[in-house]
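As structure tokens, the structure follows; a few thoughts come after it.
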Amino acid sequence: MKIPKIVSALEHLDDELIAEAAEEGKKKERRLPLFKWGGIAACLVPAVAVLAVLAVLAPWHAEESGSGDPAVSENVGKPGYVFAGSEIAVEWPWEYKLMWEKYYSAEFDGAEYASRNAAVREALLGEALGSCVVRGEDVYTGEIHSEEAEVFEIRGISPKRMVALGKDGAYGVYINTSDPFPATLGEAVKEFGLEEHLKLSRFSECEGYGEKRYRIMEADGSIWEVLARCGEAERVKDPSPSLPAERRYLSFTATSEALGVYKRVLYVTEDGYLSTNIFNVGAAYFIGEEAAGEIIRYAKENSTEAEFEPYEQIVAGKVTEVGEEFLLVDTSVLYGDPAQGKVYRVPLSELCIRRYVEYMGVKAGDVVAVAFRGEVTRENVVLGAVSIERGKLVENGVAIPE
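In case it helps, our numbering puts the sequence shown at residues 22 to 423.
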């Protein structure tokens, strides 16, 4: 079996944490290019690189979390716990790749589109636009593959900005990289369907690169009303003045299936800038201090305090069974009293998680950490699983060497 190549896209890691983790793992040091968005550091490394990180998923007490279950990492990031929030992306063999992983770029109607490496449900698709031939390279063999893909509008988004591409009911989000980016905020909101697809509910109050407190609000309609009045705000050519530095600002979590983004950020600064990394390029607009102040005041006055939310949730434990439909993870190994544990069921219906079993060889007896972006049902079914990492039991939890 071929040894899989690995790339790392890091979230919520700063330079010091990366350096400490690399030292901890005793791996060969490699300089990593980082582009910081406040508390988020996004990193892209070549497919052959491996970042050495030690992630510890530690149990906690019921009185601390309101839950007696240490297997679901809702409290990751609190004092006394160490967790490296890295998202590991394996360079899978061709037959184990999803279509939008196979074909990173596509040409349609004279424009180039790039994959956002994210799926979109058929319910979000609009009009059928036709088809195109997509091509991609198998990095293990060097072979070039091609096939025909269907192209659809994404509801509420201009096809000159984004489309859905795929076949047989499986579609990925692709963004236009050929046309110039919208010159004004109004054009960006309209053409990307931001008001429809981007819910501004969870945010943090920040100063510089430090987060002060977390908050959540129910309705964001008034914020979009303010932004509608700022439609003529022009894009800032040099976005560096809009980045946090030492200023005070709100940092909204930006997640949208239609836009193909997960937990990116949208900033509104006290001195009048709106900036975001939800597009393939950083974008910033000067909306003015008055509009920014109105947004900040509204958000603060119409929100309540919230707990820290980790990048992804984790279920950690020992695999007790790998069946046709589910992988079973027993958390009792994390407790002094095994009776406190639970057995979670991880569906194997999606290739994105089944390939960890079929290709990576995850099997009964392995200690694992399953990352997921959905929820856990009453029947302990883990929805939205995205990865499985092997680890080992340590005194305070499960350690995942990368």
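Even glycine gets a Cβ: it sits at the ideal position worked out from N, Cα and C.
These numbers were taken from a predicted model, which means no experiment stands behind them.
Practice prompt. Run through the segment 299-355 for me and flag every whole alpha helix (DSSP H) of 4 or more residues, listed as ranges in chain order.
Written response: DSSP runs (the alpha helix (DSSP H)) wholly in the segment 299-355: 310-322.
Worksheet item: Going by other Cβ atoms of all chains shown within 10 Å of its Cβ, with 16 needed for buried, is F329 buried or exposed?
Response: exposed
Item to complete: Take G405 and list the residues in its own chain whose beta-carbon comes closer than 6 Å to its own, dropping the five residues that flank it on each side.
Response: F393, R394 and G395
Worksheet item: Just how far apart, CA to CA, sit M381 and E174?
Response: 35 Å
Worksheet item: According to DSSP, is A420 helix, strand or coil?
Response: A420: strand per DSSP, three-state reduction.
Item to complete: Any chance you could list the alpha helix (DSSP H) runs of at least 4 consecutive residues sitting entirely within the segment 226-305, in chain order?
Response: You should have 242-249.
Practice prompt. Check Y161 in the structure and name its three-state DSSP category.
Written response: Three-state result, Y161: coil.
Worksheet item: How many angstroms separate the CA atom of A249 from the CA atom of S199?
Response: 26 Å
Discussion item. Given this structure, state the Cα-to-Cα distance separating E311 from G293, to the nearest angstrom.
Written reply: Distance between the alpha carbons of E311 and G293: 7 Å.
Discussion item. For the ligand NAP, I want to know if E315 counts as a neighbour, meaning its beta carbon is within less than 6 Å of at least one of the ligand's heavy atoms.
Written reply: The model on display carries no ligand, and the ligand NAP is accordingly not part of it.
Item to complete: Taking only the alpha-carbon atoms, compute the straight-line gap between E346 and S370 and give it to the nearest angstrom.
Response: 6 Å
Fill in: R376, enclosing alpha helix (DSSP H) - first and last residue
L372 to E379
Item to complete: Kindly list the residues whose CB is nearer than 6 Å to the CB of V364, restricted to its own chain and excluding five residues on each side of it in sequence; keep chain order.
Response: L349 and D351
Worksheet item: Among residues of its own chain, excluding the 5 on either side of P67, which ones have a beta-carbon nearer than 6 Å to its beta-carbon?
Response: Only weak support exists for where P67 lies, its pLDDT of 26 falling under 50; the value from the coordinates is given anyway. Here the set comprises nothing.
Worksheet item: Pick from E112, S225 and Y117: whose alpha carbon is nearest that of E379?
Response: Y117
Fill in: Chain-order list of residues whose beta-carbon lies under 6 Å from that of Y288 (same chain, five-residue window excluded)
Y270, S272 and S296
Worksheet item: Run through DSSP, which three-state label would V383 get?
Response: coil
Worksheet item: How would you label Y161, buried or exposed, when you count the other beta carbons within 10 angstroms and need 16 or more for buried?
Response: exposed
Worksheet entry | Nearest residue (CA-CA) to K258, options N401, Y192, Y306 and W113 | Ranking the options by Cα distance to K258, first place goes to Y306.
Worksheet item: Going straight from the alpha carbon of T398 to that of Q334, what length do you get?
Response: The straight-line gap from Cα to Cα measures roughly 14 Å.
Worksheet entry | Rounded C-alpha distance that separates K18 from E267 | No answer is possible for residue 18: the residues shown for the chain start at 22 and end at 423.
Practice prompt. Note down the Cα distance separating S152 from L119, rounded to an integer number of angstroms.
Written response: S152 and L119: Cα-Cα distance of roughly 18 Å.
Discussion item. Does R182 pass the burial test, meaning 16 or more other C-beta atoms within 10 Å, or should it be called exposed?
Written reply: buried
Worksheet item: Can you check whether the CB of V391 is closer than 7 Å to the CB of G412?
Response: no
Worksheet entry | C-beta contact flag for V154 and S167 at 7 Å | Contact: yes.
Worksheet item: Could you give the distance in angstroms between the alpha-carbon of G231 and the alpha-carbon of D189?
Response: Taking the straight line joining both Cα atoms gives about 45 Å.
Worksheet entry | Spatially closest choice to D159 from S277, E112 and N197, by CA coordinates | Looking at the Cα atoms, E112 is the closest of the given residues.
Practice prompt. Please list, in chain order, all residues of the same chain as V93 whose beta carbon is under 8 Å from its beta carbon, the five residues on each side excluded.
Written response: Confidence at V93 is low in this model, with a pLDDT of 49, below 50, so the placement of that residue should be treated as unreliable; the coordinate-derived value is given next. Excluding positions up to five away in sequence, the list reads Q334, I335, V336 and V397.
Practice prompt. Using 10 angstroms around the beta-carbon of N301, count the other beta-carbons present and answer buried if the total reaches 16, otherwise exposed.
Written response: exposed
Worksheet item: Within this structure, are the beta carbons of A127 and L186 separated by less than 7 Å?
Response: yes
Worksheet item: Does the Cβ of V308 have 16 or more other Cβ atoms within 10 Å, making it buried, or fewer, making it exposed?
Response: Inspection of the sequence shows that residue 308 is occupied by Ile rather than by Val. Under this definition I308 is a buried residue.
Discussion item. Please classify T325 as buried or exposed, where buried requires at least 16 other C-beta atoms within 10 Å of its C-beta.
Written reply: exposed
Worksheet item: Which residue's Cα is closest to the Cα of Y356: E217, G147 and N417?
Response: N417
Worksheet item: Buried or exposed: which applies to D241, given that a residue is buried once 16 or more other Cβ atoms fall within 10 Å of its Cβ?
Response: buried
Practice prompt. Taking A140 as part of the beta strand (DSSP E), name the residues at either end of that continuous run.
Written response: A140 -> beta strand (DSSP E) spans A132 to V141.
Worksheet entry | DSSP state of E174 mapped onto helix, strand, coil | strand
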